[in-house]
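Student:
Numbering (the working numbering), first residue to last: 1295 to 1546.
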């Protein structure tokens, strides 16, 4: 039996990378999927791929830093599919390169406003629909860099990803008795197109791989499998967890 049969899922940042791969796997496991993303062409391409494989999906243009966009993504999902069972809140941005004292306020606001505020706004509108459905599962995208720090000049990124873990745990406790599970995943470096480009430009491939005790980067598919597990009934006794999917990086 498919792990997510008859479920309805919303994936923010689902137009590329981990979000895209996870949306495709969620659909393969039987769920109907809304792709919520700022990039319309890429997001619609994911929808088309799901439909061509026999699944059901829609695209909703969404900037998670805007409350009205988050509310609209949830409303469009319920209008199309009748309910909301699963949310993978994956949308986020990365900015590195300047230490705290040299980071300008606009950069801080952009990173924290997208990553942390966007996570809050997504859950603010997802949770009421899950309550109507009798429960649900939320998986939030944090990072190993929400658990440990770096000297790469990413104070806004570190703060936002650590904040997501705190937000996840708070929501998990608030809604545990109402059958809504809230968890986060904390990936280390994953071989997405963006990361591969960064490694090529900086020549840091060996150094970055060395951060992971297993000796390699993660894959998008490994992250997607972790999300599907937490979203499924196989994780029915798991809530309030920040799951490291990092090849041992946080333990090193």
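Just so it is clear, CB atoms sit at the ideal spot from N, CA and C, and this is done for glycine as well.
In chain order, what residues of the same chain lie with their CB nearer than 8 Å to the CB of residue 1376, ignoring the 5 residues before and after it?
Tutor: Short of 8 Å from the beta carbon of residue 1376, and not among the five residues preceding or following it, lie these beta carbons of its own chain, in chain order: 1302.
Student: Which stretch, first to last residue, makes up the beta strand (DSSP E) that contains residue 1475?
Tutor: 1474-1481
Student: Going by C-alpha to C-alpha distance, which of 1364, 1497 and 1479 sits closest to residue 1461?
Tutor: 1479
Student: Would you mind reading off the limits of the beta strand (DSSP E) that contains residue 1355?
Tutor: Residues 1351-1355.
Student: Using only alpha-carbon positions, find the residue among 1373, 1503, 1463 and 1511 that is nearest to residue 1435.
Tutor: Answer by Cα proximity: 1463.
Student: Thinking C-alpha only, which one of 1531, 1519, 1525 and 1530 is nearest residue 1539?
Tutor: 1519
Student: Using 8 Å as the threshold, is the stretch 1423-1439 in touch with the stretch 1478-1496, meaning 3 or more CB pairs across them?
Tutor: yes
Student: At the level of alpha carbons, what is the spacing between residue 1317 and residue 1305?
Tutor: Roughly 6 Å between the two C-alpha positions.
Student: How is residue 1386 classed by DSSP in three states: helix, strand or coil?
Tutor: Of the three classes helix, strand and coil, the one that applies to residue 1386 here is coil, per DSSP.
Student: Give the secondary structure of residue 1397 by DSSP, where H, G and I count as helix, E and B as strand, and everything else as coil.
Tutor: coil
Student: Relative to the alpha-carbon of residue 1299, which residue among 1322, 1516 and 1373 has its alpha-carbon at the smallest distance?
Tutor: 1322
Student: Note down the Cα distance separating residue 1423 from residue 1410, rounded to an integer number of angstroms.
Tutor: 21 Å
Student: Using the Cβ count rule (16 or more neighbours within 10 Å means buried), how would you classify residue 1486?
Tutor: buried
Student: Between the stretch 1529-1543 and the stretch 1465-1480, do at least 3 Cβ pairs fall closer than 8 Å?
Tutor: yes
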